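Residue numbers (the working numbering): 2 to 206.
Note that CB positions come from ideal geometry on N, CA and C, so glycine has one too.
The structure displayed is predicted, hence computed values, not measured ones.
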Ligand SMILES: [Zn+2]
């Protein structure tokens with residue numbers, strides 16, 4: 002018979018032995034945060050097979066710098082659920098990203114936030130982009146905004162866990178409502194999108 006107690010994010014006691022398990026992370030805030038995750042890796046269950054004890058670091062995730070052509074940046078780390086050397090993992094890998102990285106995009110979270118914030122101030126998409134002085138084409142920015150618009154319902158559902166919808170004068174523009182809600186939910190953070198990814202441990206887009 003299992004006895005279960007909770008203590009922060011640490012839980013699971015059973016009759017014969019004590020297992021400490023930690024929630025899986027998908028984003029980290031800084032090198033110290035990554036180190037804390039790394040020290041707990043052996044007690045962290047794989048997101049696929051749920052077994053603990055098989056996760057190991059499996060190299061870096063690199064990508065292109067958003068403004069400097071040809072320069073590579075470290076976007077995060079790859080974690081492997083090892084099935085080698087008699088380990089019982091499932092053999093799958095997953096990513097642990099820096100919180101200011103947007104999965105699948107070159108633009109960083111802070112730049113995307115500045116772009117969206119400019120739009121919430123009444124700028125057009127092209128004006129909002131030019132203000133950032135980033136080397137992205139107009140079509141890239143339109144595509145990015147379209148993706149953001151399509152994912153609003155998921156974003157707003159998560160934001161409601163953090164804070165209620167702010168009282169606003171009537172704005173008949175759902176993307177701006179979402180941007181304002183995001184700003185309100187993470188008003189104490191310099192980049193609400195980075196804070197969103199850290200808080201909910203899920204990609205913003
Ligand atoms: Zn696994």
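Under three-state DSSP, which class holds residue i?
i: residue 205; result: coil
i: residue 74; result: strand
i: residue 12; result: Low confidence applies to residue 12: its pLDDT is 41, below 50, so where it sits in the model is not reliable enough to give any reading.
i: residue 68; result: coil
i: residue 180; result: helix
i: residue 150; result: helix
i: residue 193; result: helix
i: residue 54; result: coil
i: residue 46; result: strand
i: residue 185; result: helix
i: residue 80; result: strand
i: residue 200; result: helix
i: residue 159; result: helix
i: residue 145; result: helix
i: residue 164; result: coil
i: residue 140; result: helix
Out of the options, which has the shortest C-alpha to C-alpha gap to residue i?
i: residue 153; options: 138, 94, 130 and 180; result: 180
i: residue 89; options: 106, 51 and 122; result: 51
i: residue 121; options: 85, 182 and 164; result: 182
i: residue 102; options: 60, 64, 117 and 71; result: 64
i: residue 160; options: 172, 188, 174 and 147; result: 188
i: residue 176; options: 117, 62, 77 and 23; result: 117
i: residue 149; options: 126, 73, 131 and 136; result: 126
i: residue 69; options: 136, 155 and 124; result: 136
i: residue 163; options: 144, 105, 185 and 151; result: 185
i: residue 106; options: 145, 138 and 119; result: 145
i: residue 134; options: 151, 140, 115 and 123; result: 115
i: residue 47; options: 26, 174 and 158; result: 26
i: residue 157; options: 45, 139, 138 and 201; result: 201
i: residue 98; options: 75, 87 and 119; result: 75
i: residue 123; options: 24, 39, 174 and 71; result: 174
Grab the span of the alpha helix (DSSP H) containing residue i for me, first residue to last.
i: residue 116; result: 110 to 121
i: residue 129; result: 126 to 133
i: residue 106; result: Segment: none, residue 106 is in no alpha helix (DSSP H) and carries neither H nor E.
i: residue 40; result: 32 to 40
Tell me where the beta strand (DSSP E) around residue i begins and ends.
i: residue 95; result: 94 to 99
*Residues with C-beta closer than 7 Å to any heavy atom of ligand 1, in chain order*: 47, 49, 50, 52, 55, 82, 90, 91 and 93
*asked:* For the pair the segment 81 to 92 and the segment 44 to 55, tell me if three or more CB-CB distances fall below 8 Å.
replied: yes
*Can you find at least 3 beta carbon pairs, one from the segment 187 to 197 and one from the segment 101 to 117, that sit closer than 8 Å?*
yes
*Quick one: any contact between the segment 86 to 94 and the segment 24 to 38, if contact means 3 or more CB pairs under 8 Å?*
no
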